[in-house]
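Reading through the structure tokens given below for one structure.
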Amino acid sequence: MSSEKVFILGLDGASPEVIESLIDLGQLPAFEKLKKDGVMGKLRTTIPPITGSAWSSFMTGKNPGKHGIFDFITRKEGTYHLAPINSNLREGRSFWSRASDAGKKVCIINVPITYPPEKVNGVMVSGMLTPRGRTDYTQPPSLARELDRVTRGYRIHMEESFSKGREETFLKHLYEVTEKRIEAMEYLFKREDWDLFVGIIEGIDLIQHELWHCWDPAHFRHPSPSGKYLDVIPSFYRKMDEFLNRILEEWIDSRWTIIVMSDHGAGPLKKLFYINNFLMRKGFLKLKGGARSSIKHLLFQAGFVPMTFYHLLLRMGLGRLKKMARFGQGESWLKPFFLSFEDVEWSRTRAYSFGSTAGQIYLNLKGREPLGIVSPGKEEEEVRKEIIRELQRLVDEETGEQVVGEIYRKEDLYHGPHLKDAPDIVFLPKTLEIAAFGEYEFASHRMIDYSWGVSGSHRMDGLITMKGKPFRQGTTLQGARIIDLAPSVLYLLGLPVPGAMDGEVLRQAFLETAFEERPVRVIDEKTSPDSLPEEIYSDEEEEELKRRLKTLGYFT
Numbered sequence: 042m043s044s045e046k047v048f049i050l051g052l053d054g055a056s057p058e059v060i061e062s063l064i065d066l067g068q069l070p071a072f073e074k075l076k077k078d079g080v081m082g083k084l085r086t087t088i089p090p091i092t093g094s095a096w097s098s099f100m101t102g103k104n105p106g107k108h109g110i111f112d113f114i115t116r117k118e119g120t121y122h123l124a125p126i127n128s129n130l131r132e133g134r135s136f137w138s139r140a141s142d143a144g145k146k147v148c149i150i151n152v153p154i155t156y157p158p159e160k161v162n163g164v165m166v167s168g169m170l171t172p173r174g175r176t177d178y179t180q181p182p183s184l185a186r187e188l189d190r191v192t193r194g195y196r197i198h199m200e201e202s203f204s205k206g207r208e209e210t211f212l213k214h215l216y217e218v219t220e221k222r223i224e225a226m227e228y229l230f231k232r233e234d235w236d237l238f239v240g241i242i243e244g245i246d247l248i249q250h251e252l253w254h255c256w257d258p259a260h261f262r263h264p265s266p267s268g269k270y271l272d273v274i275p276s277f278y279r280k281m282d283e284f285l286n287r288i289l290e291e292w293i294d295s296r297w298t299i300i301v302m303s304d305h306g307a308g309p310l311k312k313l314f315y316i317n318n319f320l321m322r323k324g325f326l327k328l329k330g331g332a333r334s335s336i337k338h339l340l341f342q343a344g345f346v347p348m349t350f351y352h353l354l355l356r357m358g359l360g361r362l363k364k365m366a367r368f369g370q371g372e373s374w375l376k377p378f379f380l381s382f383e384d385v386e387w388s389r390t391r392a393y394s395f396g397s398t399a400g401q402i403y404l405n406l407k408g409r410e411p412l413g414i415v416s417p418g419k420e421e422e423e424v425r426k427e428i429i430r431e432l433q434r435l436v437d438e439e440t441g442e443q444v445v446g447e448i449y450r451k452e453d454l455y456h457g458p459h460l461k462d463a464p465d466i467v468f469l470p471k472t473l474e475i476a477a478f479g480e481y482e483f484a485s486h487r488m489i490d491y492s493w494g495v496s497g498s499h500r501m502d503g504l505i506t507m508k509g510k511p512f513r514q515g516t517t518l519q520g521a522r523i524i525d526l527a528p529s530v531l532y533l534l535g536l537p538v539p540g541a542m543d544g545e546v547l548r549q550a551f552l553e554t555a556f557e558e559r560p561v562r563v564i565d566e567k568t569s570p571d572s573l574p575e576e577i578y579s580d581e582e583e584e585e586l587k588r589r590l591k592t593l594g595y596f597t
């Protein structure tokens, strides 16, 4: 009982809790239909629940220790410089590449971390982290001009960012970009007879990052009951439901199975935990003692930090200028005055942090970091134990509540050739209403503070719903993982599943007869790297991509 064709609609950041609540209110009839006629449940994402690592696991069926993507950014080998990731850094073939090689016609549009796009038997349009101004974001290259013509100016990126007083401008632009994405998807879907179609829309994630407080009455920044944007998040979910209904009613027929999924969930964000400040306070990170660094440290202690200027811009209604002072000292005109990794005395530093949402702490390890001082083995483990002990003791001074919940050593979470590159300690705040902040050195002089910018953040459970001939009806899925989608799609297309994948076919979603008629075929394959890391971004493009990620709310 194979599926002839597979359609995947990815809704970045879609929350299963929000969808269930709106289904109960009768506001999402298309999702309700999928729930009734197919299977629906929660989809466990990667730890940390970050778009870069999650979508990479979605497409490869592998844990980050195998594909090598742990966040949006990575440390350049031989330096302490942080740079955006790209698809060439990912080890592990995508399921659409495997389908393409098997002769299937595939269309892939707007999946994050797919720039530069790969050649496939069909077409591909890259998504998030495509540098501004590049015209090589499609395969074949001529498709970019075609999409521009069809949509009257195709857009990969949001050009407007949220700020106080410019809510209408932000929302109008978000809806315009979404419409162009839908127009492009519809044009491509109807252009050829595809076997596999994958399209991603990121609007839910963007609106939740910026406007969660408007909808959530429990958020400390929630406006008065008469607030103008109380329905802003449900409204966008309803728009996606309308689009889903069009797909079900007008686009696909009985030959198709449809999968609607998200890379992670969402919830309120109230506070930020600045990890490098914690490491500095506990003595794991040391600063230089020279005059320049000492002056910058004094300014830092006095509150002369990027966050101060960002808050000032917000209060003035100038949030659109946040790229000038928001966290990324690399592009800030205030860089000479801000404390940064340039002021770290690496010869005395045992640990540091970078990464978003979850806590990601790296030891300054000999043989890995350029100026590493922690010896692998016994000393490495002793330092990790010491840091973990301090994390377990940490409480929010305002509430008296413990800050950190789950704490992992990297080998608890990951396995594979990139284990050595993984953060040595990963932790989740006890409630993800606090996000660990490790972006761009020292954004604030506080260790824990309120988030006055982004008000929504990621959660560990995304959405999964599947409907088609091979699937059960009215079943609630339990224990589904994002790494299970790649092998499940290959199975649906009648293709073998590589044994190197960590995910498994989601058997509980299928009718019992499916595996009797066609057993899962598992194949061995060589584990040599599928691609080699290479530089694809210029220095200017790296800085532009950092600014864009912050503008979109991914770096809180």
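Quick note on my numbering: the sequence shown kicks off at 42 and runs consecutively.
Backbone N, C-alpha and C fix where the C-beta goes; we use that ideal spot for every residue, glycine too.
{"query": "Consider the Cβ of residue 453: report whether some Cβ of chain C lies at a distance smaller than 9 Å.", "result": "No chain C appears in this structure, which consists of one protein chain only."}
{"query": "Could I get the ranges of all uninterrupted alpha helix (DSSP H) runs contained in the stretch 291-364, with 4 residues as the minimum, in chain order?", "result": "316-322, 332-342, 347-356"}
{"query": "Candidates 394, 173, 414, 434: which alpha carbon is nearest residue 115's?", "result": "394"}
{"query": "Residues bridged to residue 499 by DSSP?", "result": "307"}
{"query": "Rounded C-beta distance between residue 505 and residue 75? I'm assuming under 8 Å.", "result": "With 8 Å as the limit, residue 505 and residue 75 do not qualify as a contact, their Cβ atoms being about 10 Å apart."}
{"query": "Taking the alpha-carbon positions, what's the residue 81 to residue 188 distance?", "result": "33 Å"}
{"query": "Looking at the strands, I want to know which residues DSSP matches up with residue 165.", "result": "149, 180"}
{"query": "Which complete beta strand (DSSP E) runs does the stretch 371-458 hold, if anything under 3 residues is left out?", "result": "392-394, 400-404, 445-450"}
{"query": "What would DSSP say about residue 510, mapped onto helix, strand or coil?", "result": "coil"}
{"query": "Would you mind reading off the limits of the alpha helix (DSSP H) that contains residue 81?", "result": "Not the alpha helix (DSSP H): residue 81 falls in the beta strand (DSSP E), residues 80-85."}
{"query": "With three or more C-beta pairs closer than 8 Å as the rule, is the stretch 200-210 touching the stretch 108-124?", "result": "no"}
{"query": "Using a Cβ distance threshold of 8 Å, determine whether the stretch 242-259 contacts the stretch 53-61, with at least three qualifying pairs required.", "result": "yes"}
{"query": "Between residue 494 and residue 251, what straight-line distance do the alpha-carbon atoms span, to the nearest angstrom?", "result": "7 Å"}
{"query": "Using CA coordinates, which residue listed in 384, 141, 125, 444 is at the minimum distance from residue 170?", "result": "125"}
{"query": "Which term fits residue 320, buried or exposed, when burial requires 16 or more other beta carbons within 10 angstroms of its beta carbon?", "result": "buried"}
{"query": "For residue 240, report the span of its beta strand (DSSP E) as first-last.", "result": "237-242"}
{"query": "Considering only the beta carbon of each residue, do residue 40 and residue 507 sit closer than 9 Å?", "result": "The question about residue 40 has no answer, for the chain in this structure spans 42 to 597."}
{"query": "Along the chain, where does the beta strand (DSSP E) that runs through residue 599 open and close?", "result": "As displayed, the chain neither begins before 42 nor continues past 597, which places residue 599 out of reach and without an answer."}
{"query": "Quick one: what's got a C-beta closer than 6 Å to residue 48's C-beta in the same chain, skipping five residues either side?", "result": "238, 293, 297, 299"}
{"query": "Could you tell me the distance, in whole angstroms, from the CA atom of residue 498 to the CA atom of residue 402?", "result": "20 Å"}
{"query": "When the Cα atoms are used, what is the spatial distance from residue 79 to residue 400?", "result": "36 Å"}
{"query": "Kindly identify the DSSP beta-bridge partner or partners of residue 548.", "result": "BP columns for residue 548 are empty, so no partner."}
{"query": "Using the C-alpha atoms, what's the distance from residue 517 back to residue 62?", "result": "15 Å"}
{"query": "Relative to the C-alpha of residue 329, which residue among 382, 557, 533, 492 is closest?", "result": "382"}
{"query": "Mark residue 180 as exposed unless 16 or more other C-beta atoms lie within 10 angstroms of its C-beta, in which case mark it buried.", "result": "buried"}
{"query": "I need the DSSP call for residue 112, collapsed to helix, strand or coil.", "result": "coil"}
{"query": "Could you name the residues of the same chain whose beta carbon sits closer than 7 Å to that of residue 528, not counting the 5 residues immediately before and after it, in chain order?", "result": "102, 538, 542, 544, 545, 546"}
{"query": "Taking 9 Å as the threshold (C-beta atoms), are residue 424 and residue 449 in contact?", "result": "no"}
{"query": "On the criterion of 16 or more Cβ atoms from any shown chain inside 10 Å, does residue 339 qualify as buried, or is it exposed?", "result": "exposed"}
{"query": "Assuming residue 523 contacts residue 86 under a Cβ cut-off of 8 Å, what Cβ separation, rounded to an integer in Å, is found between them?", "result": "5 Å"}
{"query": "Is residue 410 buried or exposed, if buried means 16 or more other CB atoms sit within 10 Å of its CB?", "result": "buried"}
{"query": "Report the partner residues of residue 504 according to the DSSP bridge assignment.", "result": "83"}
{"query": "Whose CA, out of 121, 426, 462, 303, lies closest to the CA of residue 521?", "result": "303"}
{"query": "Taking 6 Å as the limit between beta carbons, can you name the residues of its chain near residue 556, skipping five residues before and five after?", "result": "none"}
{"query": "Going by CA-CA distance only, name the one from 335, 178, 270, 175 that's closest to residue 209.", "result": "270"}
{"query": "Among 285, 212, 136, which has the Cα closest to the Cα of residue 249?", "result": "212"}
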